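Colleague: I'd like to ask some things about the structure below.
Residue numbers (full-length UniProt numbering): 1 to 264.
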């Protein structure tokens, strides 16, 4: 399987982590992360299980709320120059700008079009049914499902394969036109053919928006990412470096060990 990585121009800043630390019940999950992202391209986030990768996505999307359930922060995360924790930033509005696709795709009852249109009709946008359905059809075409499935207005989401379900989840996430799409190991349970379909969609999207991709697969990171971040739970965070620089000379024994294990 081969996916050509495209060179992309660096645009203006999108997300900034400013000496950001996150802990739960006094256990450090993320330690002193400082990072500025571009507004498009792909950043791969790697690390062993439990290193805080998924947690980083969830706190940026504000699924994790500081002050609740033992979570505590130091430092800040800003999006387009404004703190995401500012009192006047509503989580639901932030999530329209910073989307999240989980490892296990969630499908609603109903057809493929209804699944995507749900986010448009009943979320923040409140778009009328006919227009929402047309927008859903366009997005399903964008992720390659409209040409692959016989009738997207009749086929139920429950009838789709794992790879198709993940693309349906991506379609629902991008239908509301986020500026950032965070993806938590979207291909970890998929076969190589389904994985390649997802990767092609990710590359296409990254020309317009920022993709933050959590992956356990160094080869996938190298195929897709412009930059990479390597995380160690409760310790340091290595990166973000250009993907070639990280793989050539990371300066991190932990990353080198992580890489050697995956190359065996």
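We put the beta carbon where it would ideally sit given N, CA and C, even for glycine.
In this text, all values refer to a predicted model and were calculated from it rather than measured experimentally.
Return the CA-CA distance between residue 185 and residue 214, expressed in angstroms with no decimal places.
Modeller: 5 Å
Colleague: For residue 182 versus residue 120, is the C-beta distance shorter than 7 Å?
Modeller: It is not a contact, given that the beta carbons lie outside the stated cut-off.
Colleague: Can you tell me whether DSSP reads residue 34 as helix, strand or coil?
Modeller: Residue 34 falls in the strand class under three-state DSSP.
Colleague: Of all the options 39, 220, 50, which has the alpha carbon lying nearest to the alpha carbon of residue 28?
Modeller: Of 39, 220, 50, the residue nearest in Cα terms is 50.
Colleague: Under 7 Å between the Cβ atoms of residue 212 and residue 171?
Modeller: Not a contact, by the Cβ cut-off of 7 Å.
Colleague: Quick one: grab the DSSP three-state call for residue 42.
Modeller: strand
Colleague: Rounded to a whole number of angstroms, what is the C-alpha to C-alpha distance between residue 48 and residue 83?
Modeller: 29 Å
Colleague: Sort 137, 175, 197, 132 by Cα distance to residue 161 and report the nearest one.
Modeller: 197
Colleague: Along the chain, where does the beta strand (DSSP E) containing residue 228 start, and where does it finish?
Modeller: Annotation: the continuous beta strand (DSSP E) that includes residue 228 extends over 227-231.
Colleague: In its own chain, which residues sit with a C-beta less than 7 Å from the C-beta of residue 247, not counting the 5 before and 5 after it?
Modeller: 222
Colleague: Just tell me which of 46, 31, 40, 39 has its CA closest to the CA of residue 258.
Modeller: 46
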